[in-house]
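Reading through the structure tokens given below for one structure.
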Amino acid sequence: KAASLCEGSLSAGKTNDLPDFGPGIQILGIHHEPDGFRISVRNLTEKTGHQKAHWDGYKLCQTDYYGREAEDQKKADNGDCTFMKHPYGLYLFRAEKI
Numbered sequence: 001k002a003a004s005l006c007e008g009s010l011s012a013g014k015t016n017d018l019p020d021f022g023p024g025i026q027i028l029g030i031h032h033e034p035d036g037f038r039i040s041v042r043n044l045t046e047k048t049g050h051q052k053a054h055w056d057g058y059k060l061c062q063t064d065y066y067g068r069e070a071e072d073q074k075k076a077d078n079g080d081c082t083f084m085k086h087p088y089g090l091y092l093f094r095a096e097k098i
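Numbering (this note's numbering), first residue to last: 1 to 98.
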């Protein structure tokens, strides 16, 4: 069952509880999975380029629809992920607790 943003361990009231994908990126959904969360986001701008994703206490990884890791990304030791955004693109991420 998909969890809404205000259910479970996520609180919509505190912004640091939500992942940060940088400027121009809208979070479409955060869904509970056995090993963490699956997050879908959208680029609301025409901008292209690398952008950093961060979520306190989580390791982020960009994936395709089937959960395979995307090739064009850089993962940092602290859990951050730098991904390539394209105009109005849709992206999926996996988040695992650190």
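Note that CB positions come from ideal geometry on N, CA and C, so glycine has one too.
Keep in mind that this is a model prediction, so the values were computed, not measured.
With 16 other CB atoms within 10 Å as the buried threshold, where does residue i fall?
i, result
"tyrosine 65", "exposed"
"leucine 68", "It is worth fixing the name first, because residue 68 is arginine in this sequence and not leucine. Label assigned to arginine 68: exposed."
"lysine 85", "buried"
Distance, Cα to Cα, residue i vs residue j?
i, j, result
"glycine 24", "glutamine 51", "10 Å"
"aspartate 17", "proline 34", "19 Å"
"valine 41", "aspartate 77", "22 Å"
If you run the structure through DSSP and keep just helix, strand and coil, what is residue i?
i, result
"aspartate 35", "coil"
Nearest to residue i by alpha carbon, out of the options?
i, options, result
"tyrosine 100", "Ile27, Pro19, Asp20, His31", "Nothing can be reported for residue 100: it is not among the residues displayed for the chain, which extend from 1 to 98."
"aspartate 80", "Val41, Ala70, Cys61", "Cys61"
Minimum length 4: unbroken alpha helix (DSSP H) runs contained in the segment 37 to 93: none
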